[in-house]
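Chemist: Quick note on this note's numbering: the sequence shown kicks off at 239 and runs consecutively.
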Amino acid sequence: MASQTRQTPYAQSAAPSTASLLGPSTQSVRADPRLRSVGSSASLNDSRYVSSGRHDSMPPSLSDKFSLAPDPTSWGADLSVEHQEGDDYLHNPDPRRDYKSDKGGHIFTSRGLANLGCLLILCAGMLTLFAGYPLITYFTRSTPSTLGGFNLGGINASGQIPSMPGNWGMIDIDTPQEARTYPDFQSGKNWHLIFSDEFNTEGRTFYPGDDPYWEAVDLHYWQTNNMEWYDPEAITTRNGSLEITLSQKENHGLNYTGGMMSTWNKFCFTGGMVLASVVLPGINNVVGLWPAIWTMGNLGRAGYGASLEGMWPYTYDSCDVGTAPNQTFNGLPIAATNTGTKDYNYELSYLPGQKLSRCTCPGESHPGPVHTDGTYVGRSAPEIDIFEAQITGQPLTGQVSQSAQWAPFNEDYTWFNTTDNLIIPDPTISALNGYKGAAFQQASSVVTETNQEAYELTGNQYSTYGIQYKPGFDGAYISWISDGKLAWTLKQAGFAADTVVEIGPRPVPQEPMYLIANLGMSTNFGFVDIEHLKFPTTMKVDWIRVYQDPDNINVGCDPSDFPTAAYINEYLEAYTNPNLTTWRDDFKQPFPKNSFLGQC
């Protein structure tokens, strides 16, 4: 270790550094024995070890080369206040000079104008976006049209009608101009097209939300003990037609998969004409298939049992025993207890009573409206079938049953089918159906031979089926069309009051009706010849068109005189949950109290 030495500060003039910040001092200071002072006689290179000669000639390091002393004067800088530099005038105010310079400029310059212009454009854009656009939108908006119906766009209860570009209107843009009107089958007056679907778009699907008007169901149609599961995958469009396919494919524990779709609560109409161009499935001499196109009142949804209890197949607006369970009250009338079929112990009706009848007590849940006498209008879910195809006769021949279903029932299910009320233009191919009904429905049906070439496996030709009807009482009727010709007509007088069973007249359905198309199988409809049926089999629909008298346009699922929207929304689960099979037991809702039954 180097020996300790006594340190004496240098005078400033003798300091090792010309830029020393230490002032002169006469006080001696003893250095820390662990340190070497820069002023000691010992070199910083002193070491207890022998140093090699290579350190004696070491060149200065990079830091030594660029190390500067703290005093700028040692760098050669002139810090004298008298020394003038080139930019001193910028730091020395001179009012006279500055005044001369400033007054020589211009307030309007191209750069200034450009900046100001950009600001003005920005302000104008902001004002247009947040003030102008709302005002422009408000004053230029158009009032939505009901198209002669009762809702926006003249369509469904919620007023939904597609507004996006494309073929989404109520009238298909592919419908030919010559088909935009059609002569009615009673007077020949040209009726106007109000809805059409030509099914020309390839690969359409009908899962919930896929289509603005049609929706396929995903359920088992247990009401008629169908052998198949209805699945949306069974329905599509191909080669310009709707195709509903029934296949031998297991689905939900059933051996077959079929399809059913409808316009429930999306497109409805009251009165008018429905025409459909169809190729029936299978062959014209093998029994078992059950293809159908039909209509139902919007207050009941096909396949959803809870929505149908006490609603189907009623069409009634009287307050009497016709609204009561089993069509009797205190065991009367007698005819309602002994004029039924043997299968039901001769009781005429097993129906639970009309849920939304004219007898509904004030304040009970009812969709309305109200008659002038304060009673509710009788409401229901009636059914009119455009066709149900069948194979019958000897030899087996393709036919269609064209019918309407009714409740309450006539004695022995026999309506007043006089020649005035039952009109068949061609008795050689059409005849009154021998099936009149049973404990759950009364049927008015005529069976007509079809075009035998209009089957998938025999001819593959299209044939036109349809209905034309006027709802209500006076002058009301239903006409059915087969192969493009009038097949038969029913006059409302055929369902006048029946004093034997003490019921009033039943109107031709006045409810807003929706369309249904399906293909399935059931032994309820007749024998099913599984051995000879060929699967898969397909019903094809080229188009469906709906017409109305231009003087009586009535389109929509929620018309003011027969509203449905509020009631459906109040009990929506009954219309959307197919597992709720009954209104009272499953849905846990009561029937409204009935004044005829003394419940008010």
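Cβ coordinates follow ideal geometry from the N, Cα and C atoms, glycine included. All figures in this text were calculated on a predicted structure; none of them were measured in a lab.
Tell me the DSSP bridge mates of residue 611?
Modeler: Partner(s): none; residue 611 has no beta bridge.
Chemist: For residue 829, collect the residues of the same chain with a Cβ closer than 8 angstroms to its Cβ; drop the 5 residues on either side in sequence, then sort them by chain order.
Modeler: 548, 590, 591, 593, 821 and 822
Chemist: Would residue 686 and residue 513 qualify as a contact pair, given that the criterion is a beta-carbon distance under 7 angstroms?
Modeler: Result no, Cβ atoms of residue 686 and residue 513 do not sit closer than 7 angstroms.
Chemist: Decide yes or no for the touch test of the segment 488 to 497 against the segment 664 to 673: beta carbon pairs closer than 8 angstroms, at least 3 of them.
Modeler: no
Chemist: Sort 474, 476, 503 and 466 by Cα distance to residue 485 and report the nearest one.
Modeler: 466
Chemist: For residue 832, tell me which candidate among 596, 629 and 518 has the shortest Cα-Cα distance.
Modeler: 596
Chemist: Quick one, are the C-beta atoms of residue 605 and residue 809 less than 7 angstroms apart?
Modeler: no
Chemist: Taking only three categories from DSSP, how would you classify residue 421?
Modeler: Residue 421: strand per DSSP, three-state reduction.
Chemist: Helix, strand or coil for residue 456 per DSSP?
Modeler: Reduced to three states, the DSSP call for residue 456 is coil.
Chemist: Give me, in chain order, the residues of the same chain whose beta-carbon lies closer than 8 angstroms to that of residue 819; leave out the 5 immediate sequence neighbours on both sides.
Modeler: 460, 543 and 544
Chemist: Give me the Cα-Cα distance between residue 634 and residue 680, rounded to the nearest whole angstrom.
Modeler: Approximately 26 angstroms, taken between the alpha carbons.
Chemist: Locate the alpha helix (DSSP H) running through residue 630, then write down its first and last residues.
Modeler: Counting along the chain, residue 630 falls outside any alpha helix (DSSP H), though it belongs to the beta strand (DSSP E) covering 621 to 630.
Chemist: Taking just the CA atoms, how far does residue 745 sit from residue 657?
Modeler: 19 angstroms
Chemist: Keeping to the same chain, check which residues put their C-beta closer than 8 angstroms to that of residue 767; ignore five residues upstream and five downstream.
Modeler: 524, 525 and 526
Chemist: So, with DSSP's three-state summary, where would you put residue 427?
Modeler: coil
Chemist: For residue 335, which of helix, strand or coil comes out of DSSP?
Modeler: helix
Chemist: Within a Cβ cutoff of 6 angstroms, which residues of the same chain sit near residue 676, ignoring the five residues on either side of it in sequence?
Modeler: Once the five neighbours on either side are set aside, the close Cβ partners of residue 676 are 579.
Chemist: Determine, using beta carbons only, whether residue 763 and residue 528 come nearer to each other than 7 angstroms.
Modeler: yes
Chemist: Residue 600 to residue 434, Cα distance in whole Å?
Modeler: 41 angstroms
Chemist: If you measure between the beta carbons of residue 554 and residue 616, is that distance less than 7 angstroms?
Modeler: yes
Chemist: Could you give the distance in angstroms between the alpha-carbon of residue 639 and the alpha-carbon of residue 725?
Modeler: Annotation: residue 639 to residue 725 spans about 11 angstroms, alpha carbon to alpha carbon.
Chemist: For the beta strand (DSSP E) that contains residue 530, what are its first and last residues?
Modeler: 528 to 535
Chemist: Are residue 665 and residue 709 close, meaning C-beta to C-beta below 7 angstroms?
Modeler: no
Chemist: For residue 663, which residues of its own chain have a beta-carbon under 8 angstroms away from its beta-carbon, when the five flanking residues on both sides are left out?
Modeler: 723, 724, 725 and 726
Chemist: Quick check: what's the CA-CA separation for residue 336 versus residue 329?
Modeler: Taking the straight line joining both Cα atoms gives about 12 angstroms.
Chemist: Once the 5 residues before and after residue 630 are set aside, which same chain residues still bring their CB inside 7 angstroms of it?
Modeler: 637
Chemist: Which partner residues does residue 777 have in the DSSP bridge list?
Modeler: Residue pairing by DSSP places residue 777 opposite 482 in a beta bridge.
Chemist: Do the CB positions of residue 771 and residue 627 come within less than 7 angstroms of each other?
Modeler: no
Chemist: Quick one: which unbroken beta strand (DSSP E) runs of 3-plus residues sit fully inside the segment 628 to 665? Chain order, please.
Modeler: 635 to 644
Chemist: Within the same chain, show all residues whose beta-carbon is closer than 6 angstroms to that of residue 651, passing over the 5 residues directly before and after it, in chain order.
Modeler: 674, 675 and 680
Chemist: Taking C-beta to C-beta, are residue 641 and residue 682 nearer than 7 angstroms?
Modeler: yes
Chemist: Going by beta-carbon coordinates alone, are residue 785 and residue 468 separated by less than 7 angstroms?
Modeler: Their beta carbons are not under 7 angstroms apart, which means residue 785 does not touch residue 468 by this criterion.
Chemist: Could you round the C-beta distance between residue 537 and residue 619 to whole angstroms and report it? I think they count as a contact, below 8 angstroms.
Modeler: Right, their Cβ atoms sit about 5 angstroms apart.
Chemist: Can you tell me whether DSSP reads residue 559 as helix, strand or coil?
Modeler: Judged by DSSP in its simplified three-state form, residue 559 adopts helix.
Chemist: In terms of alpha-carbon separation, which member of 443, 757 and 779 lies closest to residue 462?
Modeler: Distances from the CA of residue 462 to each of 443, 757 and 779 were compared; the closest alpha carbon is that of 757.
Chemist: Which residue marks the beginning of the alpha helix (DSSP H) containing residue 546, and which one marks its end?
Modeler: Taken as a continuous stretch (DSSP letters only), the alpha helix (DSSP H) holding residue 546 covers 543 to 546.
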